[in-house]
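Under my numbering, residues 9 to 150 are what the sequence shown spells out, in order.
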Amino acid sequence: MKILVLNGPNINFLGIREKGIYGSEDYNTLVTTLAEKAKNEDHELEVYQSNYEGGLIDKIQEAYHNGTEGIIINPGAFTHYSYALRDALGSVEIPKIEVHISNVHKREEFRHLSVTAPVCTGQVVGLGLKGYALAMDYLTGR
């Protein structure tokens with residue numbers, strides 16, 4: 009299966025930012041862990057991170073054309089207000105799982121609303137970096 013993992017703003021600062029919320033594992037650990045899982049399960053994986061909405065939207069549109077079969081996305085702060093990202097996700101008929109490392113429902117009230125979740129197949133929240141692996145398992149039927 010061909011899977012695209014998209015990470016929004018500040019996800020590249022894992023292990024640096026708010027370790028009490030996001031943990032001490034860094035972004036490279038996340039990417040390496042997912043790459044190993046994909047390789048062991050014989051999946052094709054692309055991981056992309058951008059602090060810019062347009063970069064994520066471009067990748068979603070590319071996915072439509074390049075045979076991507078599943079998207080895992082952690083939109084970061086864009087979750088709560090990016091209607092452009094929501095529209096891009098809603099435009100493609102590809103299964104999409106939204107992932108959040110922290111339990112956004114136990115945090116500030118503005119984090120409780122996701123404008124992107126309604127156009128995703130499902131959501132994994134609050135399970136740390138393991139949420140990405142669980143999203144991959146869902147997409148691949150494991």
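Ideal Cβ placement from N, Cα and C applies to all residues, glycine included. Note that the structure is a prediction, hence the values are computed from the model and not measured.
Quick check on the burial criterion: 16 or more other C-beta atoms within 10 angstroms. Buried or exposed for residue i?
{"i": "Arg25", "result": "exposed"}
{"i": "Ile29", "result": "exposed"}
{"i": "Ser122", "result": "buried"}
{"i": "Ala46", "result": "buried"}
{"i": "Arg94", "result": "buried"}
{"i": "His108", "result": "buried"}
Is the beta carbon of residue i sitting closer than 7 Å to the one on residue j?
{"i": "Glu106", "j": "Ile79", "result": "no"}
{"i": "Thr129", "j": "Pro83", "result": "no"}
{"i": "Gly16", "j": "Phe86", "result": "yes"}
{"i": "Tyr146", "j": "Leu42", "result": "no"}
{"i": "Leu12", "j": "Leu64", "result": "no"}
Is residue i helix, strand or coil by DSSP?
{"i": "Tyr89", "result": "coil"}
{"i": "Glu61", "result": "helix"}
{"i": "Ile109", "result": "coil"}
{"i": "Ile19", "result": "helix"}
{"i": "Val127", "result": "helix"}
{"i": "Ile68", "result": "helix"}
Over what stretch of residues does the alpha helix (DSSP H) that includes residue i continue unbroken?
{"i": "Leu42", "result": "35-48"}
{"i": "Glu101", "result": "From DSSP, Glu101 is part of no alpha helix (DSSP H); its letter is neither H nor E."}
{"i": "Gly139", "result": "138-148"}
Assuming residue i is part of the beta strand (DSSP E), what are its boundary residues?
{"i": "Ile4", "result": "Coverage of the chain is limited to positions 9 through 150, which leaves residue 4 absent and any answer about it impossible."}
{"i": "Lys27", "result": "Here Lys27 belongs to no beta strand (DSSP E); instead the alpha helix (DSSP H) covers 27-30."}
{"i": "Gly130", "result": "130-133"}
inquiry  = Is it the case that the region 93-103 contacts the region 65-85, given that we only count it when at least three CB pairs across the two stretches are under 8 Å?
reply    = yes
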